[in-house]
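Going by my numbering, the sequence shown opens with residue 68, and the numbers climb by one from there. A virtual CB, placed ideally from N, CA and C, is assigned to each residue, including glycine. Note that the structure is predicted; figures quoted are calculated from it, not measured. Step one of this worksheet: look at the structure below.
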Amino acid sequence: MCFDESPIQLIGEFRVPITPKPGKRYRYDSEYKRNGTANLFVMIDANRSWRKVKVTDRRANQDFAICMRDLVDGDYHDADKIRVVMDNLSTHTASAIYQTFPAVEARRILRRLEFHYTPKHASWLNMAEIEIGVMRRQCLDRRIDNRELLETQIHAWERRRTESGAQIRWMFSTDKARLKMAKSYPTPALNES
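Now the structure itself:
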């Protein structure tokens, strides 16, 4: 399971855009109205065509903890262990889960989770980053002015993409990783006797 988040601005219009002629792109006025922000938590299964995007008002410990609980109790309720790949954001910790839920509940959730963190400056190794890029191009390439519309658009995109069987073809091997990130891998010292 790959996990990441992305902020999004809710942007409205000052003027109603003119409907374009057939075959022409929609044009927006340079003036806009900022209606706040929202946060998107993106989860994608690297082994099958499944993704889930949760829209929240903010990106806080509690929001992260609720996403992890929903993963454990809902979408992957029958999995013994869920391996979660994510970046080193300060909210991506076991303590966030303990801060949100009673100790017994937090322990129950964490027993089912195994966190794997991408190296610093290498969040591109997280497939959820790729999915966020696809979502921005296919779904968020226009102005969306309120959270309800955002949720409707996101969930329709999520459903279409999952039903189409879309998966990420990961072509980055261990050997390529060792070449690309040579500084991160120790070089064994050879004893010359």
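Candidates the options, of which the one nearest residue i by Cα
i, options, result
"E157", "R126, F239 and K121", "In the sequence on display, residue 157 carries Ser and not Glu. When only C-alpha atoms are compared, the closest one is R126."
"I85", "Q76, D96 and I176", "D96"
"E218", "D71, F70, L77 and C69", "L77"
"P74", "E196, H188, R175 and A170", "E196"
"E80", "R204, R209, M248 and K250", "R209"
"M202", "T185, Q220, H188 and P186", "Q220"
"Y143", "P169, I111, D124 and M153", "I111"
"A249", "Q205, R204 and P186", "P186"
Host beta strand (DSSP E) of residue i (start-end)
i, result
"Y165", "Looking at the DSSP string, Y165 is not in any beta strand (DSSP E); the run it does join, the alpha helix (DSSP H), is A161 to T167."
"E181", "L180 to Y184"
"R118", "W117 to T123"
Expected contact under 8 angstroms - CB spacing of residue i and residue j to nearest Å
i, j, result
"H183", "R228", "24 angstroms between Cβ atoms; not a contact."
"N114", "T167", "Not a contact, Cβ separation roughly 28 angstroms."
"S116", "A233", "6 angstroms"
"I199", "D71", "6 angstroms"
"K270", "E225", "Any question about residue 270 goes unanswered here, given that the chain covers just 68 to 260."
Cα-Cα separation between residue i and residue j, rounded to whole angstroms
i, j, result
"R178", "V109", "22 angstroms"
"K100", "K88", "25 angstroms"
"N155", "K121", "20 angstroms"
"R94", "L207", "15 angstroms"
"L181", "R92", "Inspection of the sequence shows that residue 181 is occupied by Glu rather than by Leu. Cα to Cα, E181 sits roughly 45 angstroms from R92."
"D130", "E172", "16 angstroms"
"R175", "H188", "32 angstroms"
"H159", "M68", "14 angstroms"
"K148", "V139", "9 angstroms"
"F169", "Q205", "It is worth fixing the name first, because residue 169 is Pro in this sequence and not Phe. Taking the straight line joining both Cα atoms gives about 39 angstroms."
"E98", "D124", "24 angstroms"
Alpha helix (DSSP H) segment containing residue i, residue limits
i, result
"D71", "Where D71 is concerned, there is no enclosing alpha helix (DSSP H), although the beta strand (DSSP E) it sits in stretches over C69 to E80."
"F131", "N128 to D137"
"L217", "R214 to E230"
"V201", "M194 to Q205"
When you compare the stretch 119–138 with the stretch 157–175, are there three or more beta-carbon pairs, one atom per stretch, that lie closer than 8 angstroms? yes
Quick check: the stretch 101–121 against the stretch 214–224, are at least 3 beta-carbon pairs closer than 8 angstroms? Contact between the stretch 214–224 and the stretch 101–121 is present, because at least three Cβ pairs lie under 8 angstroms.
Using a Cβ distance threshold of 8 angstroms, determine whether the stretch 221–241 contacts the stretch 187–199, with at least three qualifying pairs required. Yes, since at least three Cβ pairs between the stretch 221–241 and the stretch 187–199 fall closer than 8 angstroms, the two stretches touch.
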